[in-house]
Amino acid sequence: MSIREDSPAGSGIDPRPPFEREHPPVLDSPLPDPPVSRSRQVLLYMLIVGLPAALVLTGLWLGVRHYGGHNAVTAGGVRTTAADTFAHLLLALAIVLVLCHLMSRLFLRMAQPGVIGEICLGIVLGPSLLGLLWPGGYHWLLPESLNGSINVLAQLGLIFFMFLVGYELDLSQVRGRGRVVLMISHVGIAVPMLSGVLLALVGYSSLAPDGVGFVPFALFFAVSMSITAFPVLARILIDRRMERTRLGALALACAAIGDVTAWCLLTVVVAATGHSSGFGVVRTLLCTGAFSALMWGVIRPALARLEGAGRESEPRRLSDAAVLPALLAAIMLTALATDRIGIHAIFGAFLLGVIVPRGSVTVEVASARMRDLTVTLLLPLFFVYSGLRTEFGLFGSDRGLWGWCLTITAVAVVGKWGSTVLVARGLRIPGTEALALGTLMNCRGLTELIVLNVGLDLKVITPTLFTMFVTMALVSTVMTSPVLTLIDRLANSRRNRKDDNDPQRGDRGRRHGGLDDRHLPEADVQG
């Protein structure tokens with residue numbers, strides 16, 4: 190408490206320090222002019238400031254005459270300096286952010302998640318469209334000199350985003366639904382993986398990169414066919430107000446388990462790609478398991494004690510201002526650890542997000558601040574970077590490549606959707622709800638892009654196959670909302686016909702919209 194607060198009111202004691210009482214500050218009086226004439230001030234300024242400035246200019250002139258003043262140029266005669274690259278990066282960032290916002294708003298008006306618009310913008314700004322229609326504008330906006338900077342920012346945004354995915358992964362939704370959730374999610378992964386391996390058997394000779402063995406190629410092909418985009422699926426459910434229905438909760442739980450399973454499988458693929466011997470693969474997987482056990486058994490309780498879980502009943506050992514820097518540092522270190530182990534850096538960030546204590550207000554606030562920066566600035570750069578790597582021009586007029594693109598898309602959609610619908614019907618989930626669940630689980634979106642970029646970085650797939658998978662991811666994601674609307678109308682139509690035939694339940698039935706979850710058996714959902 191300050192001195193002014195300690196002094197009793199009305200005591201007559203001046204609370205100011207003795208020096209301040211004897212020499213009160215004069216706040217409003219101007220500074221007096223020094224006793225020097227104006228001409229002397231000008232002469233003094235010229236001597237003290239003007240003379241050194243003149244000497245500096247003289248030294249620069251002598252240096253130019255002796256050493257030359259030409260700037261470094263590239264082989265093509267184009268001046269490229271760090272300052273020029275930075276200035277161009279700032280301009281490109283401004284244009285990309287504005288276009289991302291506009292494209293996101295456009296897709297929202299089309300009843301599509303805004304992130305799909307941002308993904309499409311990345312393809313539009315890449316060589317597939319802008320580079321094809323206006324090569325000069327494409328090279329001006331995104332020259333090759335910016336690729337390194339965009340890649341670094343994109344990878345940083347990807348690490349932050351994977352932490353947020355892990356943090357927002359609510360595994361409590363699985364409780365009470367374990368049997369049904371595991372059955373649906375794992376069948377929805379196993380069948381597409383089988384179809385991926387079969388396609389890899391047929392296309393290995395024509396689609397695999399040189400020097401890549403069949404096992405890593407087939408495993409990556411299989412994992413890419415089995416992905417479900419948990420973040421995009423959650424966004425679709427929220428937009429359609431289905432996240433609190435039993436159908437929505439079941440879809441989120443299945444997607445959560447599928448997400449964790451897919452990342453575990455991708456870990457195996459990365460380990461198999463990075464080592465030619467089985468011993469190296471086993472060693473990488475053992476190190477990954479040990480690191481995961483360390484994070485879950487040691488780091489997780491330590492974080493809970495350090496933060497105090499943000500509850501009033503427990504003392505907080507970390508100040509609010511220190512939470513965000515500590516969180517960012519932890520993300521970097523865990524990403525570095527998994528990168529050094531031999532798997533991708535995104536796994537460390539994802540695992541940290543899973544183990545961070547829930548219920549902490551300070552962590553939630555810090556995560557929200559991180560989300561704003563990541564989603565607004567860094568993630569759009571990841572879409573642009575992915576768009577730069579997507580080249581439909583690689584297909585050319587080759588009907589075989591276009592046929593492979595169509596085949597991969599069709600097999601991926603039918604395999605994921607069909608297997609989910611069949612197992613849901615086998616678990617006595619009604620037809621329209623089973624169709625909707627299959628449609629939701631078929632949504633791939635952003636998660637698929639992340640997996641594909643990992644594969645392209647590892648050189649386990651070619652840019653041509655990368656473009657095919659990007660096409661499959663876009664088609665399967667864009668079709669989600671329209672197909673859900675169609676199924677909703679079908680459910681409404683059937684329900685209205687039943688209500689017309691049964692007047693006693695007519696009014697009650699019409700109050701429930703199409704994909705209402707009241708027909709889902711509670712026992713089946715809970716498992």
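Numbering (the numbering used here), first residue to last: 190 to 716. Glycine included, C-beta positions come from ideal geometry on N, C-alpha and C.
Rounded to whole angstroms, the Cβ separation of CYS594 and THR660 is 6 Å, and the two are in contact under 8 Å. Under the three-state reduction of DSSP output, ASP509 falls in the helix class.
Selection THR609, GLU622, VAL602 and ALA623 evaluated against ALA662 yields VAL602 as nearest (Cα-Cα).
At the C-beta level, ALA534 and ILE348 come within 8 Å of one another. The beta-carbon separation of SER586 and LEU540, rounded to 45 Å, does not stay under the 8 Å limit for a contact. An exposed status is given to PRO514, since fewer than 16 other beta-carbon atoms sit within 10 Å of its beta-carbon. Non-local beta-carbon contacts of ILE312 in its own chain, meaning distances under 7 Å to residues more than five positions away in sequence, involve LEU318, GLY576 and THR579 in chain order. The Cβ-Cβ distance between SER384 and GLY589 does not fall below 8 Å.
One Cα belongs to THR666, the other to LEU624, and the distance between them is close to 15 Å.
Take LEU286, set aside five residues on each side of it, and the residues of its chain with a beta-carbon closer than 8 Å to its own are THR565, LEU566 and PRO569, in chain order. ASN336 counts as exposed, since fewer than 16 other beta carbons sit within 10 angstroms of its beta carbon. As the crow flies, the alpha-carbon of ILE305 is around 21 Å from that of LEU358. The DSSP assignment places complete alpha helix (DSSP H) segments of no fewer than 4 residues inside the segment 386-424 at 403-414, in order along the chain.
Looking at the backbone, the Cα of LEU426 and that of ASP273 are separated by about 44 Å. In the three-state scheme derived from DSSP, where H, G and I count as helix and E and B as strand, SER226 is classed as coil. Spanning the alpha carbons of ARG298 and MET484 requires a straight line of approximately 42 Å.
Under the criterion of beta carbons closer than 8 Å, THR669 and THR628 qualify as touching, at roughly 6 Å.
Membership of SER556 in the alpha helix (DSSP H) is indicated by the continuous run 550-562. For ASP646, the uninterrupted alpha helix (DSSP H) segment begins and ends at 634-646. Segment contact: the segment 426-437 against the segment 397-412, fewer than three CB-CB distances shorter than 8 Å; contact not assigned.
The C-alpha of ALA379 lies about 24 Å from the C-alpha of GLY463. For the set ALA389, MET372 and GLY303, the Cα lying nearest the Cα of VAL649 is the one of ALA389. Cβ-Cβ distances below 7 Å link VAL640 to VAL412, SER413, ILE416 and LEU455 in the same chain, with the five nearest sequence neighbours on each side left out; the list follows chain order.
In the structure shown, ALA300 falls within a coil segment according to DSSP collapsed to helix, strand and coil. Counting the other Cβ atoms within 10 Å of the Cβ of THR563 gives 16 or more, which makes it buried. In the DSSP assignment, LEU441 falls within the alpha helix (DSSP H) that extends over 435-463. Taking 8 Å as the cut-off, the Cβ atoms of ILE530 and CYS476 count as close.
Annotated as distal: ILE308 and PHE581, with beta-carbon spacing of 8 Å or more.
When C-alpha distances from ILE339 are compared across TYR574, THR523, THR450 and GLU637, the shortest belongs to TYR574. In the DSSP assignment, LEU331 falls outside any alpha helix (DSSP H), carrying neither H nor E. At a Cβ-Cβ threshold of 8 Å, MET630 and GLY377 count as neighbours. Put simply, of LEU626, GLY620, GLU622 and MET657 the residue whose alpha carbon is nearest the alpha carbon of LEU638 is MET657. One Cα belongs to GLY542, the other to ALA438, and the distance between them is close to 21 Å. In the structure shown, PRO241 falls within a helical segment according to DSSP collapsed to helix, strand and coil. Distance from the CA of SER293 to the CA of PHE350, rounded to the nearest whole angstrom, comes to 18 Å.
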